[in-house]
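Participant: First the structure, then my questions, so here it is.
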Amino acid sequence: MAQSGLDLFPYTRMRRMRKDDFSRRLMSENQLTVNDLIYPVFVLDGNNRREAIDSMPGIERLSIDLLVEEAKLLASLGVPAMAIFPVTPSDKKSLLAEEAYNPEGLAQRTVRAIKEAVPQMGIITDIALDPFTTHGQDGIIDEQNYVINDTTIEVLIKQALSHAHSGADVVAPSDMMDGRIGAIRDALEEAGFIHTRIMAYSAKYASSYYGPFRDAVGSAGNLKGADKKTYQMDPANSNEALREVALDLQEGADMVMVKPGMPYLDIVRRVKDEFAVPTFAYQVSGEYAMHMAAINNGWLAERPCIMESLLAFKRAGADGILTYFAKQVAIWLNEKP
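With the first letter of the sequence shown counted as 1, position 156 gets the number 156 in this note's numbering; the numbers rise by one all the way through.
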């Protein structure tokens with residue numbers, strides 16, 4: 001490709017603008033702020049309880065009372081939202097996942113407690129059945145262990161309504177059933193929850209990066225080595241993600257999600273370029289675990305690598321990031337220079 005005279009060296013020196021901090025800052029194309037952060041948390045029953053998660057160093061399961069204190073801290077740091085994931089006791093799991101829509105369920109009680117104590121905190125709840133099924137799948141299964149789409153949607157509607165009644169600001173269907181966004185939107189409208197937002201996990205891949213999360217919520221043992229490839233997306237596919245996003249938007253999603261994050265930043269960029277809608281990505285448990293393993297072994301520098309990883313989400317087009325680093329990053333961003 002021919003260069004114009006002004007593009008030729010030495011008239012153009014790309015390093016000129018990189019020389020000093022002030023000029024690097026002036027031409028920075030993307031920035032990470034506390035407004036970009038969503039903190040996923042794991043909640044368990046009881047009082048004053050905390051449990052370490054071996055595969056996610058530094059992350060704990062917390063009882064509701066401790067999670068309320070966590071919410072207060074996050075709010076003081078400016079973090080706009082939390083995503084709630086309940087750890088369901090085995091005796092409350094069933095084939096039909098009835099606990100998912102129990103008005104006194106763990107997720108429902110957690111939402112009420114946080115909204116009462118920290119009303120300004122945005123609360124996002126997971127709409128999926130895997131924490132509540134004895135088999136660990138995201139829906140109701142038939143005799144061949146196949147997840148039944150339409151029957152599952154009926155339960156997801158009940159779950160979403162119970163979360164909205166409890167005060168959830170955003171319901172986030174992560175199940176990947178066909179048609180569930182439209183069904184949930186219709187149900188929310190009919191019940192008068194016209195302001196309840198839907199964050200659709202539109203491009204959720206059948207990824208190997210979810211292992212630590214399944215340990216955290218206690219569904220790994222229930223799966224017994226099974227996979228979720230009949231409803232989550234094939235990691236080989238990109239065009240399919242755009243179709244999924246388009247359908248969810250047509251059905252009433254307010255924002256869309258790509259999951260996992262860093263291995264799928266090309267999908268984030270394609271979604272943002274194609275639809276220009278609020279687009280989120282999830283830096284999942286496996287990504288967190290990889291970073292922490294390298295950091296704890298002294299192979300990577302903690303702060304610069306974490307910040308670089310999250311900046312990559314912004315560069316790819318993400319409007320916000322679900323990340324287990326959110327609290328620590330918010331602390332860093334709040335430090336006075």
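Positions of the beta carbon are idealized from the N, C-alpha and C atoms, including for glycine. Since we're looking at a predicted model, the values are computed, not measured.
1. On the criterion of 16 or more Cβ atoms from any shown chain inside 10 Å, does Asp20 qualify as buried, or is it exposed?
2. What residues match up with Met233 in a beta bridge as DSSP calls it?
3. According to DSSP, is Glu60 part of a helix, a strand, or is it coil?
4. How do the stretch 105-123 and the stretch 238-250 stand: do at least 3 beta-carbon pairs fall below 8 Å, yes or no?
5. If you measure between the beta carbons of Gly252 and Ser162, is that distance less than 9 Å?
6. Please confirm if the stretch 117-129 is in contact with the stretch 66-76, defined as three or more CB-CB distances below 8 Å between the two stretches.
7. Classify Ile295 as helix, strand or coil using the three-state DSSP reduction.
8. Can you name the residues that DSSP bridges to Tyr39?
9. Who are the Cβ neighbours of Ser207 in its own chain at under 6 Å, not counting the five residues just before and after it?
10. On a Cα-Cα basis, can you pick out the residue from Trp332, Gly317, Phe280 that is closest to Pro304?
11. By how many angstroms is the C-alpha of Asn297 removed from the C-alpha of Val256?
12. Extract the residue ranges of the alpha helix (DSSP H) inside the stretch 77-154, only unbroken runs of 4 or more that lie entirely within it.
13. Do you know whose CA, among Ile64, Leu67, Phe22, Lys93, lies nearest Gly218's CA?
14. Cα separation between Lys158 and Phe325?
15. Counting only beta-carbon separations shorter than 9 Å, does Arg25 have a partner in chain D?
16. In the structure shown, what three-state DSSP assignment does Tyr324 receive?
17. Assuming Ala216 contacts Leu188 (C-beta within less than 8 Å), just tell me the rounded distance between them.
18. Using 8 Å as the threshold, is the stretch 31-45 in touch with the stretch 289-296, meaning 3 or more CB pairs across them?
19. Can you give me the start and stop residues for the alpha helix (DSSP H) that Lys259 sits inside?
20. Could you tell me if Asp175 is buried or exposed, where buried requires 16 or more neighbouring beta carbons within 10 angstroms of its beta carbon?
21. Is it right to say Arg15 is buried, meaning 16 or more other beta carbons lie within 10 angstroms of its own, or is it exposed?
22. Give every residue of the same chain whose Cβ lies closer than 8 Å to the Cβ of Phe132, excluding the five residues on either side of it in the sequence, and list them in chain order.
23. Ala172 and Ala318: beta carbons closer than 9 Å?
24. Output the boundary residues of the alpha helix (DSSP H) element that contains Ala52.
25. If you count every other CB in all the chains shown that lies within 10 Å of the CB of Ser63, and 16 or more means buried, which is it?
26. Per DSSP, what kind of secondary structure is Ala200 in: helix, strand or coil?
27. With a threshold of 8 Å on Cβ separation, who are the neighbours of Tyr209 within its own chain once the five nearest residues in sequence on each side are excluded?
28. For Ile38, which residues in the same chain have their Cβ closer than 6 Å to its Cβ, ignoring the five residues on either side in sequence?
29. Compute the beta-carbon to beta-carbon distance between Asp138 and Leu129, rounded to the nearest angstrom, for a pair I have assumed lies under 8 Å.
30. Taking Ile194 as the reference, which of Gly211, Ala164, Gly179, Asn145 has the closest Cα?
Facilitator: For this structure:
1. Counting from 1 along the sequence shown, the entry for residue 20 is found at position 20. Label assigned to Asp20: exposed.
2. Translated into positions along the sequence shown, residue 233 becomes position 233. Tyr205, per the DSSP bridge assignment.
3. Here the question's residue 60 lines up with position 60 in the sequence shown. It is a strand residue.
4. no
5. Indexing the sequence shown from 1 puts residue 252 at position 252. Indexing the sequence shown from 1 puts residue 162 at position 162. One thing to note: Gly252 has its Cβ no nearer than 9 Å to the Cβ of Ser162.
6. Look at the beta carbons and you see the stretch 117-129 touching the stretch 66-76: at least three pairs across the two are nearer than 8 Å.
7. Locating residue 295 in the sequence shown gives position 295, counting from the first residue. Residue state, collapsed to three classes: helix.
8. For the purposes of this step, residue 39 is taken as the residue at position 39 of the sequence shown. The partner list for Tyr39 (beta bridge, DSSP) reads Met82.
9. Translated into the one-based positions of the sequence shown, residue 207 becomes position 207. For Ser207, where only same-chain residues beyond five positions count, the Cβ hits under 6 Å are Pro260.
10. Counting from one through the sequence shown, the residue named residue 304 turns up at place 304. Among Trp332, Gly317, Phe280, the Cα nearest to that of Pro304 is on Trp332.
11. For this step, residue 256 is matched to residue 256 along the sequence shown. For this step, residue 297 is matched to residue 297 along the sequence shown. If I take the Cα positions, the gap works out to 35 Å.
12. Qualifying alpha helix (DSSP H) stretches, in chain order: 106-117.
13. Locating residue 218 in the sequence shown gives position 218, counting from the first residue. Closest option to Gly218, Cα to Cα, is Lys93.
14. For this step, residue 158 is matched to residue 158 along the sequence shown. For this step, residue 325 is matched to residue 325 along the sequence shown. Roughly 32 Å between the two C-alpha positions.
15. Absent here is chain D; the protein component of the structure consists of one chain.
16. Position 324 of the sequence shown, counted from the first residue, corresponds to residue 324. Coil.
17. Position 216 of the sequence shown, counted from the start, is the residue given in the question as residue 216. Position 188 of the sequence shown, counted from the start, is the residue given in the question as residue 188. Ala216 to Leu188, Cβ: 28 Å. No contact.
18. With the cut-off at 8 Å, the stretch 31-45 and the stretch 289-296 do not touch.
19. Position 259 of the sequence shown, counting from 1, holds the residue named residue 259. It is not in any alpha helix (DSSP H) - Lys259 instead sits in the beta strand (DSSP E) that spans 255-259.
20. Counted from its first residue, the sequence shown places residue 175 at position 175. Per the 10 Å Cβ criterion, buried.
21. Here residue 15 refers to the residue found at position 15 of the sequence shown. It is exposed - the Cβ of Arg15 has fewer than 16 other Cβ atoms within 10 Å.
22. What you label residue 132 is simply residue 132 of the sequence shown in a count that begins at 1. Excluding sequence neighbours, Phe132 sits near Thr88, Lys92, Lys93, Ser94, Ala97, Glu98, Glu99, Ala100.
23. Looking up residue 172 in the sequence shown gives position 172. Looking up residue 318 in the sequence shown gives position 318. Going by C-beta atoms, Ala172 is not nearer than 9 Å to Ala318.
24. Position 52 of the sequence shown holds residue 52. Run containing Ala52: none in the alpha helix (DSSP H); it sits in the beta strand (DSSP E), 50-52.
25. Here the question's residue 63 lines up with position 63 in the sequence shown. By the C-beta density criterion, Ser63 is buried, having at least 16 other C-beta atoms within 10 angstroms.
26. What you label residue 200 is simply residue 200 of the sequence shown in a count that begins at 1. Shown here, Ala200 sits in a strand according to DSSP, grouped into three states.
27. Counting from one through the sequence shown, the residue named residue 209 turns up at place 209. Counting only Cβ-Cβ distances below 8 Å, and skipping sequence neighbours, we find Pro260, Pro263, Val284, Ser285, Gly286, Glu287.
28. Sequence index remark: in the sequence shown, residue 38 carries index 38 (1-based). Beyond the five residues adjoining it in sequence on each side, Ile38 comes within less than 6 Å, by CB distance, of Ala81, Ala83, Gly320, Leu322 in the same chain, given in chain order.
29. In the sequence shown, the residue the question calls residue 138 occupies position 138. In the sequence shown, the residue the question calls residue 129 occupies position 129. Rounded, the Cβ-Cβ distance is 5 Å, consistent with contact.
30. The residue you call residue 194 lines up with position 194 of the sequence shown. The shortest C-alpha to C-alpha distance from Ile194 to any of Gly211, Ala164, Gly179, Asn145 is the one to Ala164.
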